Structure formats: structure tokens, C-alpha cells
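Peer 1: In the numbering used here, the protein residues as written are 40 to 266.
Note that the Cβ used here is the ideal one computed from N, Cα and C, for glycine as well.
Note that the coordinates shown come from a computational prediction; the quantities given were computed from them, not determined experimentally.
Mind looking over this structure? Questions follow.
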Amino acid sequence: MNKKGQIFMPIMVIGLTIILVSFIFIITTHKDKTENFFSVGQLQANVITNYLELEKEFFYYEKILEYNEYKSVKEFAGDGAVPENCNEKWRFNSDCEPYFKEYLKEKLNDNLGENKVVNIDSDIEVYFKDFDLSVKTNTAEVNYDGPIKVKKKPLVNFEELEKLKSDIRNCIETKNMDSCNPESNSGKVYAFRRKIADILDKNLEPEEIFLGFRIDMSDSGIKNSIF
Numbered sequence: 040m041n042k043k044g045q046i047f048m049p050i051m052v053i054g055l056t057i058i059l060v061s062f063i064f065i066i067t068t069h070k071d072k073t074e075n076f077f078s079v080g081q082l083q084a085n086v087i088t089n090y091l092e093l094e095k096e097f098f099y100y101e102k103i104l105e106y107n108e109y110k111s112v113k114e115f116a117g118d119g120a121v122p123e124n125c126n127e128k129w130r131f132n133s134d135c136e137p138y139f140k141e142y143l144k145e146k147l148n149d150n151l152g153e154n155k156v157v158n159i160d161s162d163i164e165v166y167f168k169d170f171d172l173s174v175k176t177n178t179a180e181v182n183y184d185g186p187i188k189v190k191k192k193p194l195v196n197f198e199e200l201e202k203l204k205s206d207i208r209n210c211i212e213t214k215n216m217d218s219c220n221p222e223s224n225s226g227k228v229y230a231f232r233r234k235i236a237d238i239l240d241k242n243l244e245p246e247e248i249f250l251g252f253r254i255d256m257s258d259s260g261i262k263n264s265i266f
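Following this line, the structure appears as C-alpha cells:
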């Protein structure tokens, strides 16, 4: 080792020793402030960690809602937007009259299981559970809790469905079913098929969802529809 090295190493050791002793002195003489400093730092770290975990949970429940809405809309369309015992046949002023939001809500509730559909309107809003990510140290506490609710735009355009229902009613009342463009008819029974959604399926491929239903002019639920 040259002379510069011989001189530098002891000086560096002495310097580090002075710094270390000074640091220990500061911690010892300012114990409360030092504890507060590290406590706040730990609190911040815990808050950030919990926030990131909550973001993951929200993403998870968003995907749960997306999948179950897709499944529910397929079932909704397959049933003709009326209860299964109606056999895809609309009958006004009865349990087989279509109430679109209510029936999709019922399907979604069934598919989500114990989770609850809060509302279906301009948005679908689902309550999943409560969270509590409060953190506490010896010197500080942060309270952070509340419900996990997920909102999204519905796949189905309910305004268009309500217009379709109104048009069908009008065609029955005027006894002019052809003006509603049925797909086919057999005697007094008219079959309809309408696209209600453009979506991506579970394989992320484009998919069209069609609503199929029938109207029996001899049993439509509207009195003046009988020929």
C-alpha cells in the first residue's frame, strides 16, 4: 500500500466512527423524536401497502362483475327477458310481461350468489363487502374503511328494450304485427329476434347477443288483440 493509501484508510475509519457516534448520540438524546420519525415512516409504508392491496381487490371484483353480467345477459336473452316458465312468450298484464331491469337484476343476483346487486339504472352498482385497512403504530393511527362497490355501464341498452316493448304493444293493439318486423309466424304466433348487445366473449372474441321471444295474438294479455 502506498503512503496515500496508508494515510487515507485511518482517516476514513476515524471519519466513519465520528459519524456513527454522532448518529447514536442523536438517537439517544432525541429518542422521542426519533421514534416518532420511524413510526410515521412505518405508518406511511403500511398505508401505501394496504392501498395497493385494495386496488387489487377492486380489480378482482370488477372482473367478477364483468363475467357475471355477461353470463346473466346471455341467460336473460335466452329466456326472452321473461321468467323461464313463460317459455319465451310475452304476455302483457301478467307475470310474463317483460320487466327488463328487474329480470336482469334477478339473474345477476343469482349468479353473484351472496353478493347483492344494489341498483341497475344508468349504471350497474354491486356491493360486495366491507373493507377495513386501518393502520396503527405506537404514536399514530389512520382509519380507512368502507364498502367495496363496483359500478359499470350495462351491456344492455334498456331504453331500446323499452321502446321495443312499446312498439310490440302498439302492433298488438292495432292488429298489425307485420309492422313490428317479426322473424317468422305460424298462425297467430309471431316470433321476434333482436340484437341487444355487442360484447367480447370469454375468449375476447366479438360476440352478438340476440333476444328471442314470441307473441301469441290469441293470448297476448291485451283484450282488443283478439281477431
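Run through the DSSP bridge pairs and tell me what Ala120 is partnered with.
Peer 2: If you number the sequence shown from 1, residue 120 lands on position 81. Answer by DSSP bridge pairing: none, since Ala120 is not bridged.
Peer 1: Find out if the Cβ-Cβ distance for the pair Val112, Ile248 is shorter than 8 Å.
Peer 2: The count along the sequence shown starts at 1 and reaches residue 112 at position 73. The count along the sequence shown starts at 1 and reaches residue 248 at position 209. In this structure, Ile248 lies closer than 8 Å to Val112 by Cβ.
Peer 1: Considering Arg6, what are the terminal residues of the alpha helix (DSSP H) in which it resides?
Peer 2: For the chain, the structure presents residues 40 to 266; residue 6 sits outside this window and is missing.
Peer 1: Alpha helix (DSSP H) containing Leu243: first to last residue?
Peer 2: Taking the first residue of the sequence shown as 1, we reach residue 243 at position 204. That residue, Leu243, is in no alpha helix (DSSP H); it is neither H nor E in DSSP.
Peer 1: Are the stretch 214 to 229 and the stretch 186 to 201 touching, with three or more C-beta to C-beta distances below 8 Å?
Peer 2: With a cut-off of 8 Å, the stretch 186 to 201 and the stretch 214 to 229 do not count as touching, because too few Cβ pairs lie within range.
Peer 1: Just to confirm, is the Cβ distance from Ala236 to Leu194 under 8 Å?
Peer 2: Here residue 236 is taken as the residue at index 197 of the sequence shown, counted from 1. Here residue 194 is taken as the residue at index 155 of the sequence shown, counted from 1. A contact, by the Cβ cut-off of 8 Å.
Peer 1: Would you kindly report the start and end of the unbroken beta strand (DSSP E) that includes Tyr142?
Peer 2: Position 103 of the sequence shown, counted from the start, is the residue given in the question as residue 142. Tyr142 -> not in any beta strand (DSSP E); alpha helix (DSSP H) instead, spanning 139 to 151.
Peer 1: Return helix, strand or coil for Lys227, following the three-state DSSP convention.
Peer 2: For this step, residue 227 is matched to residue 188 along the sequence shown. Residue state, collapsed to three classes: coil.
Peer 1: Evaluate contact between the stretch 135 to 150 and the stretch 104 to 124, counting only Cβ atoms and requiring at least three cross-stretch pairs below 8 Å.
Peer 2: These segments touch.
Peer 1: So what does DSSP say about Leu239, is it helix, strand or coil?
Peer 2: The residue labelled residue 239 in the question sits at position 200 within the sequence shown. In this structure, Leu239 counts as strand in the three-state DSSP scheme.
Peer 1: I want to see whether chain D comes within less than 8 Å of Ile235, judged by CB atoms only; does it?
Peer 2: Among the chains in the structure shown there is no chain D, since it carries only a single protein chain.
Peer 1: What first and last residue would you give for the beta strand (DSSP E) that runs through Ile261?
Peer 2: In the sequence shown, residue 261 corresponds to position 222, counting from 1. Segment: none, Ile261 is in no beta strand (DSSP E) and carries neither H nor E.
Peer 1: Are Leu151 and Asn215 close, meaning C-beta to C-beta below 8 Å?
Peer 2: As a first step, residue 151 must be located in the sequence shown, where it is residue number 112. As a first step, residue 215 must be located in the sequence shown, where it is residue number 176. It is not a contact, given that the beta carbons lie outside the stated cut-off.
Peer 1: Are Phe131 and Ile261 touching if we call contact CB-CB under 8 Å?
Peer 2: Along the sequence shown, read from residue 1 onward, the residue named residue 131 stands at position 92. Along the sequence shown, read from residue 1 onward, the residue named residue 261 stands at position 222. In this structure, Ile261 lies closer than 8 Å to Phe131 by Cβ.
Peer 1: Are Asp162 and Lys191 closer than 8 Å when you measure CB to CB?
Peer 2: Position 123 of the sequence shown, counted from the start, is the residue given in the question as residue 162. Position 152 of the sequence shown, counted from the start, is the residue given in the question as residue 191. Against a cut-off of 8 Å, the Cβ pair of Lys191 and Asp162 comes out as a contact.
Peer 1: Name the two residues that bound the continuous beta strand (DSSP E) containing Lys155.
Peer 2: Here residue 155 corresponds to residue number 116 of the sequence shown, with the count starting at 1. Counting along the chain, the beta strand (DSSP E) containing Lys155 begins and ends at 155 to 159.
Peer 1: Taking the beta carbon of Ser205 as the centre, do at least 16 other beta carbons fall within 10 Å, making it buried, or is it exposed?
Peer 2: Against the sequence shown, residue 205 aligns to sequence position 166. Label assigned to Ser205: exposed.
Peer 1: Roughly how many whole angstroms lie between the Cα atoms of Glu164 and Val156?
Peer 2: One-based indexing of the sequence shown puts residue 164 at position 125. One-based indexing of the sequence shown puts residue 156 at position 117. Each residue's alpha carbon lies about 6 Å from the other.
Peer 1: From this set, Ser133, Leu250, Tyr100, which residue's C-alpha is nearest Phe197's C-alpha?
Peer 2: Counting from 1 along the sequence shown, the entry for residue 197 is found at position 158. Comparing Cα positions, the closest option is Leu250.
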